[in-house]
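Numbering (my numbering), first residue to last: 216 to 773.
Following this line, the structure appears as structure tokens:
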């Protein structure tokens, strides 16, 4: 049974009308009239005066990007997420959405001060020796101010925008309604699971509102990379951190997108790009905890030692983890791709549920080979892993591949890392950099190292239980003997019960047969006694005797 069309509240309906007005302003009339609610009015698209005089019509990707920018911060962030979903979007639209910038005008410093003082329950002057009224950065969820603690430490203060949660909830409710309509009326809706995509987005953006969670993420990442030459994470000052305020160490570095400055400082760009890839695979496979918002605005470079550069990261509102099954599945897919084992790629897609269980592996393998072989004929440094994924998704669509929302953040992070690496060093060979890491991880998971690590992990527990082993063994053997005795007794009881049932059935048959004969004799006698009736008296006596005999035997056996 199909679901009912979700009802719109007046506020949601007005918001939908506003969205449609923005869509029409940017020449996306066809999108408006493709919505189920407005489809009966499709003819208006051809009557609208703005379509008569419009001389220049930008590409659809650019029009969609400008529409999202006009709709506000929540739609901008949703567009950013969608830009990584190459399985959902054509190339031109995904490329335009990747240009979306999360920059919005700052809110009043008086409101920022009020939020800080309310959350930390102290005046600004007692909290900081200096507080900069001009924000360093302003984004859709929060804005950042510079400050100095009374002990001289330079810090940044992140403050959540006032009333932003109400705005987010309003737009999320509308996104759910649109997703449910798409799932119901769009032919591709069931396969692409738009409701689950919105659910994943909701989880991500709601988590970003909690700065305590972000602070905990930063602390975990800092601990994971403590002493590392790859990545530095600034320290969080927990005494100054609440749900809508976070204070952390201020860092300085060259923005990773400032290629000219990096080259002017003589930074080893090849090493820097390769270290970016290493950071990604270290976070995903060794730590299973990765920074999932590594766009250029959040990444800086420490160029104090140009031949040994390292990264600095900020903004930890979005992090990702994988279940052990997803982690193993992902590693095996990478490993199979690196070795061009297309059959294993096809098998993994079936085993993981990405494609239906009844998919013919040989047909899927052939389709994957036809996609990947032309790509692999190029030099490895010229192969974009993001492009390979895109082609694979497009191929798997023919086999009814299901979108996997739990891998959205991972795909986004991988594409960000590859884009950064290519920008820093165009000759980056992602495969050469990543393959040894994947091979080592696979060996650690399924090889001799995995067995040794497992034994080492469980050895303390085994040693702890060792003195109890004889008693536990004796108890296990005794329990096994008791189970065997119980099974034998149960079997004997079952056999006795079966014999009693068979005997009861025989007794019942004798009694019923005797009763029938007895009743038949009685009826026959009655018929003989009737005037003018014909009958044979001796037959009645035979029936009486036979019935009485059978009744007697049956009753005696009872």
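Here a beta-carbon is modelled for each residue, glycine too, at the ideal position from N, C-alpha and C.
- Query: Buried or exposed: residue 280, going by 16 or more other Cβ atoms within 10 Å of its Cβ?
  - Reply: buried
- Query: Taking just the CA atoms, how far does residue 538 sit from residue 713?
  - Reply: 52 Å
- Item | residue 241 in three-state terms, based on DSSP | coil
- Item | Which of helix, strand or coil DSSP assigns to residue 745 | Any reading at residue 745 must be qualified, since the residue scores a pLDDT of 46, below 50, and its modelled position is unreliable; the value itself is stated next. DSSP places residue 745 in coil when its eight states are reduced to three.
- For the region 372-441, list the alpha helix (DSSP H) runs that are entirely contained and at least 4 residues long, ordered along the chain. 379-400, 404-407, 409-423 and 426-439, all fully within the region 372-441.
- DSSP puts residue 470 in a beta bridge; with which residues? 515
- Compare the beta carbon distance of residue 557 and residue 584 with 8 Å and say whether it is the shorter of the two. yes
- Task: Quick one: grab the DSSP three-state call for residue 229.
- Result: The three-state secondary structure of residue 229, taken from DSSP, is helix.
- Beta carbon of residue 420, beta carbon of residue 392: below 8 Å? no
- For residue 638 and chain D, any beta-carbon pair shorter than 8 Å? Looking for chain D here will not work: only one protein chain is present.
- Message: Once DSSP output is grouped into helix, strand and coil, what is the label at residue 218?
- Response: At residue 218 the pLDDT is 45, less than 50, meaning the model places this residue with poor confidence; the figure from the coordinates comes in the next sentence. Of the three classes helix, strand and coil, the one that applies to residue 218 here is coil, per DSSP.
- Going by beta carbon distance, what residues of the same chain come within less than 8 Å of residue 307, once the five residues before and after it are set aside? Excluding residues within five positions, the ones whose Cβ falls inside 8 Å are 274, 275 and 276.
- Query: Buried or exposed: residue 251, going by 16 or more other Cβ atoms within 10 Å of its Cβ?
  - Reply: Here the model assigns residue 251 a pLDDT of 49, short of 50, so the residue's position is not dependable, and the following value carries that caveat. The residue in question, residue 251, is exposed, as its Cβ has fewer than 16 Cβ neighbours within 10 Å.
- Taking all protein chains shown into account, decide if residue 265 is buried (16 or more other Cβ within 10 angstroms of its Cβ) or exposed. Low per-residue confidence applies at residue 265: pLDDT is 48, beneath 50, and the placement is therefore not dependable, though the value from the model is reported in the following sentence. Exposed is the call here.
- In terms of residues, what are the limits of the beta strand (DSSP E) holding residue 464? 460-464
- Out of curiosity, what's the CA-to-CA distance linking residue 257 and residue 351? Note that residue 257 scores a pLDDT of 47, beneath 50, so its modelled location is shaky and nothing firm can be said.
- Query: Of the residues 353, 499 and 387, which one's Cα is nearest the Cα of residue 625?
  - Reply: Nearest neighbour of residue 625 by Cα position, chosen from 353, 499 and 387, turns out to be 499.
- Query: Mapping DSSP to helix, strand and coil, what is residue 359?
  - Reply: Of the three classes helix, strand and coil, the one that applies to residue 359 here is strand, per DSSP.
- With a threshold of 16 other CB atoms inside 10 Å of the CB of residue 568, please say whether the residue is buried or exposed. Classified as exposed, residue 568 has fewer than 16 neighbouring CB atoms from the shown chains inside 10 Å of its CB.
- Anyone know if the C-beta pair for residue 511 and residue 571 falls short of 8 Å? Cβ distance not < 8 Å, so residue 511 and residue 571 don't count as in contact.
- Item | the region 485-495 in contact with the region 452-467 per 3-pair CB rule at 8 Å | no
- Just to confirm, are residue 364 and residue 394 a CB contact at a threshold of 8 Å? no
- Message: Quick check on residue 567: does DSSP put it in helix, strand or coil?
- Response: coil
- Message: Helix, strand or coil for residue 496? Go by DSSP, reduced to three states.
- Response: helix
- Count the other C-beta atoms from every protein chain shown that fall within 10 angstroms of the C-beta of residue 325, then say buried if there are 16 or more, exposed otherwise. With fewer than 16 other Cβ atoms inside 10 Å of its own Cβ, residue 325 counts as exposed.
- Is residue 649 buried or exposed, if buried means 16 or more other CB atoms sit within 10 Å of its CB? buried
- Task: Count the other C-beta atoms from every protein chain shown that fall within 10 angstroms of the C-beta of residue 456, then say buried if there are 16 or more, exposed otherwise.
- Result: buried
- Taking the continuous alpha helix (DSSP H) assigned at residue 581, which residues delimit it? That run of the alpha helix (DSSP H) goes 576-591.
- Continuous beta strand (DSSP E) stretch holding residue 525: start and end: For residue 525, the enclosing beta strand (DSSP E) has its first and last residue at 525-528.
- Where does residue 457 fall in DSSP's three states? strand
- Given 8 Å as the limit, is there contact between the region 471-478 and the region 632-639, that is, 3 or more CB pairs closer than that? yes
- Task: Assuming residue 458 contacts residue 425 (C-beta within less than 8 Å), just tell me the rounded distance between them.
- Result: 6 Å
- Task: Quick one: residues in its chain with C-beta nearer than 8 Å to the C-beta of residue 330, no 5 flanking neighbours on either side, listed in chain order?
- Result: Excluding sequence neighbours, residue 330 sits near 374, 375, 377, 459 and 460.
- Item | Bounding residues of the alpha helix (DSSP H) (the contiguous stretch that carries residue 548) | Residues 539-553.
- Query: Expressed to the nearest angstrom, what Euclidean distance is found between the alpha-carbon atoms of residue 206 and residue 630?
  - Reply: Nothing about residue 206 can be reported from this structure: the residues present for the chain run from 216 to 773 only.
- Measure the alpha-carbon distance for residue 292 versus residue 428 and round it to whole angstroms. Rounded to the nearest angstrom, the two C-alpha atoms are 19 Å apart.
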